[in-house]
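Residue numbering for the sequence shown follows the numbering used here, beginning at 6 and increasing consecutively. Every residue gets a Cβ at the ideal spot worked out from N, C-alpha and C, and that includes glycine. Keep in mind that this is a model prediction, so the values were computed, not measured.
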Amino acid sequence: MGTSNSDIKALLADLEEQGWRVVRGRYWKCYCPCAAKHLKTVKITPSDPNYITNLKGQLRRSTCWKEVGK
């Protein structure tokens with residue numbers, strides 16, 4: 006099972022709900038609202054089937070993002 010566009014949109018919507026600023030360019034750039042000013046880029050069309058899982062892990066480890074429902 007690969008990464009679908011709806012998975013990426015759901016993650017970006019979750020980031021926006023938490024106050025992140027999301028800007029589309031060559032990649033999606035996600036800017037954290039906290040004082041540390043975390044930045045995370047998100048591929049528009051990832052080829053890795055585990056991309057969303059890996060991305061959520063990176064967000065949990067290195068930013069102030071909290072997964073909704075956990």
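Could you give the C-beta distance for residue i and residue j, rounded to a whole number, given that I count them as a contact under 8 Å?
i, j, result
"cysteine 35", "leucine 20", "5 Å"
"glutamate 72", "arginine 65", "7 Å"
Thinking C-beta only, is residue j closer than 8 Å to residue i?
i, j, result
"isoleucine 49", "tryptophan 33", "yes"
"leucine 60", "leucine 16", "yes"
"lysine 45", "threonine 68", "yes"
So who's on the other strand from residue i, going by DSSP bridges?
i, result
"tryptophan 33", "Arg29, Val47"
Would you identify the three-state DSSP class for residue i, choosing helix, strand or coil?
i, result
"aspartate 53", "coil"
"glutamate 22", "helix"
"serine 11", "helix"
"asparagine 68", "Per the sequence shown, the amino acid found at residue 68 is threonine instead of asparagine. Correct three-state label for threonine 68: coil."
"lysine 42", "coil"
Tell me, please, whether the CB atom of residue i is closer than 8 Å to any CB atom in chain D?
i, result
"valine 27", "Considering every chain present, this structure includes no chain D. It has just one protein chain."
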